[in-house]
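Under mature numbering (1 follows the signal peptide of the UniProt record, and there is no 0), the residues of the sequence shown are numbered -22 to -1, 1 to 107, in order.
Only one structure is covered here, and it is reproduced in the block below.
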Amino acid sequence: MRVRFVVTLLAATAMAPAVALAQNNAVGGAVSGAVIGGVVGGPVGAAVGAGVGGTVGAATEPPRGAITYVEREDVPSVEVHERVVVGEPLPGTVELRPIPEYREYRYAVVNHRRVIVEPRTRKIVKIIE
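Structure (structure tokens):
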């Protein structure tokens, strides 16, 4: 049991640079999920962690084209009192604007910050600084 733990710990340490360099996307989520899952649950944990991490990473990073579009648009900012953070929904009073060619996303400018949201849940998936 102790040898297995040491081997798992060494494998996780060897993969740490890959996790550090990974972007916030499906690949990065899969890598970090596999490392964490492997340390906690062994080979089965690594497989499950990679699947969950990849799914979460894919859901949170809009395509570069969508980000570029939002960066270039000139729209007025709306003030809200709620926290503007990734994972939190925007209030229903905020108008969500479409992003051409990327129907799965909408955007708004809230408290002078450009945000990309998932329209069904209104959750923020990206804050463009």
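From the three backbone atoms N, C-alpha and C, an ideal C-beta is built for every residue, glycine too.
Provide the residue span of the beta strand (DSSP E) that contains I45, from first to last.
In the DSSP assignment, I45 falls outside any beta strand (DSSP E) and lies within the alpha helix (DSSP H) extending over R42 to R50.
Given a cut-off of 8 angstroms, decide if I102 and V62 are closer than it, judged by their beta-carbon atoms.
In this structure, I102 lies closer than 8 angstroms to V62 by Cβ.
How should P40 be labelled, buried or exposed, when 16 other C-beta atoms within 10 angstroms of its C-beta is the threshold for buried?
When all chains shown are included, P40 counts as buried.
Own chain partners of T99 with C-beta closer than 7 angstroms, once the 5 adjacent residues on each side are dropped
Contacts found: P67.
Which of helix, strand or coil does DSSP assign to P97?
Residue state, collapsed to three classes: coil.
Beta-carbon separation of V48 and V88 under 8 angstroms?
No, they are not a contact pair.
Among G43, H59, A44 and R42, which residue has its Cα nearest to the Cα of H90?
Cα-wise, what sits closest to H90 is H59.
Once DSSP output is grouped into helix, strand and coil, what is the label at P76?
In this structure, P76 counts as strand in the three-state DSSP scheme.
Can you give me the Cβ contacts of E79 inside the same chain, cut-off strictly under 6 angstroms, excluding the 5 residues immediately before and after it?
In the same chain as E79, and ignoring 5 residues on each side of it, no C-beta atom comes closer than 6 angstroms to its own.
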